[in-house]
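> In our numbering, the protein residues as written are 132 to 362. Using N, Cα and C, we set each Cβ at its ideal position, and we do this for glycine too. I am attaching a structure below and will ask some questions about it afterwards.
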Ligand SMILES: Cc1cc2nc3c(=O)[nH]c(=O)nc-3n(C[C@H](O)[C@H](O)[C@H](O)COP(=O)(O)O)c2cc1C
């Protein structure tokens, strides 16, 4: 699944994933500095120069690697597919739970379906599954900290609930945590799950949704966070 390959998941803390992705401060990762958040925001490269740098870097790396479909290579190539970032939340008997996803996508209009892909090793997804309903919180440009909080392994129900401490939220119509300041909320019931290799393809049926106009998204590209700039 291409959706699974471009992100670090929890590689930095567990070693399970993230091979092939630039570490923070890695020069490969900082080539795309236009609109980047946090540390790289302070860089001053001109947009044209930065775009040129990205093109040159990809061309150089891709020319000799055709046929290499290793996990490391797949992670790196797929990390060039920029996505938004969403946190899927649910209320469970042991408290709230949430996971950061970049694999979230709109799937169908009629019926209204969305999809995302949790890894099979996720300990939090089975608990959200049991809840049978969840809220997809599409993160805004200023919510990188939430992406980071909910991409740490929860370590179990208590850890999952602890991740919500200090995180402003309220319960949605379906009873799932809605993160304050999110760009959009999509309330779902669990519709289906399919085999997706080392991930699961989750399909949710949309029960209700809302969005904030005139707000920018949080984006994820080559292992780093950024924002959207209209041409
Ligand atoms: C930007 C970003 C996007 C991510 N997208 C996914 C994803 O689509 N699927 C997935 O399984 N994990 C994804 N992860 C990793 C999970 O958020 C992470 O593995 C989380 O710790 C899972 O929680 P758990 O171990 O408590 O189940 C992503 C991480 C980041 C930082």
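Could you please give the first and the last residue of the uninterrupted alpha helix (DSSP H) stretch that includes residue 207?
202 to 209 is the span of the alpha helix (DSSP H), which, as asked, contains residue 207.
> Can you give the Cα-Cα distance for residue 260 and residue 254, rounded to whole angstroms?
Residue 260 and residue 254: Cα-Cα distance of roughly 11 Å.
> Measuring only from the beta carbon, is residue 268 closer than 6 Å to any heavy atom that is part of ligand 1?
No - ligand 1 has no heavy atom lying nearer than 6 Å to the Cβ of residue 268.
> On the CB-based measure, 16 or more other CB atoms within 10 Å of its CB, does residue 314 come out buried or exposed?
Under this definition residue 314 is a buried residue.
> On the CB-based measure, 16 or more other CB atoms within 10 Å of its CB, does residue 355 come out buried or exposed?
Buried.
> Just the Cα atoms here: how many angstroms apart are residue 207 and residue 353?
Cα to Cα, the separation comes out at about 7 Å.
> When DSSP labels each residue in this structure, what does residue 351 get in the three-state scheme?
Residue state, collapsed to three classes: strand.
> Counting Cβ pairs, one atom from each stretch, are 3 or more of them under 8 Å apart for the segment 332 to 340 and the segment 278 to 287?
No: fewer than three Cβ pairs fall under 8 Å.
> Excluding sequence positions up to five away, which residues of its chain have a Cβ less than 6 Å from the Cβ of residue 172?
In this prediction, residue 172 has a pLDDT of 38, which is less than 50 and means its spatial position is unreliable; nothing more can be read from the coordinates.
> Nearest to residue 256 by CA position, among 232, 237 and 242, is which residue?
Considering only alpha carbons, the answer is 232.
> What is the residue span of the alpha helix (DSSP H) that residue 288 lies within?
Where residue 288 is concerned, the enclosing alpha helix (DSSP H) stretches over 288 to 293.
> Could you name the residues that DSSP lists as bridge partners for residue 324?
DSSP output for residue 324 lists 333 as bridge partner(s).
> List the DSSP bridge partners of residue 232.
Bridge partners of residue 232: 217.
> Taking the continuous beta strand (DSSP E) assigned at residue 300, which residues delimit it?
Segment 300 to 302, the beta strand (DSSP E) holding residue 300.
> Would you report the Cα separation of residue 221 and residue 202, rounded to the nearest angstrom?
Near 31 Å, if we compare the C-alpha coordinates of residue 202 and residue 221.
> Does the segment 232 to 251 come within contact of the segment 314 to 332, defined as at least 3 CB pairs closer than 8 Å?
At 8 Å Cβ cutoff, the stretches touch.
> Using 7 Å as the threshold, is the C-beta distance between residue 228 and residue 291 below it?
In this structure, residue 291 lies closer than 7 Å to residue 228 by Cβ.
> Can you tell me which residues form a DSSP beta bridge with residue 358?
According to DSSP, which records beta bridges pairwise, residue 358 is partnered with 349.
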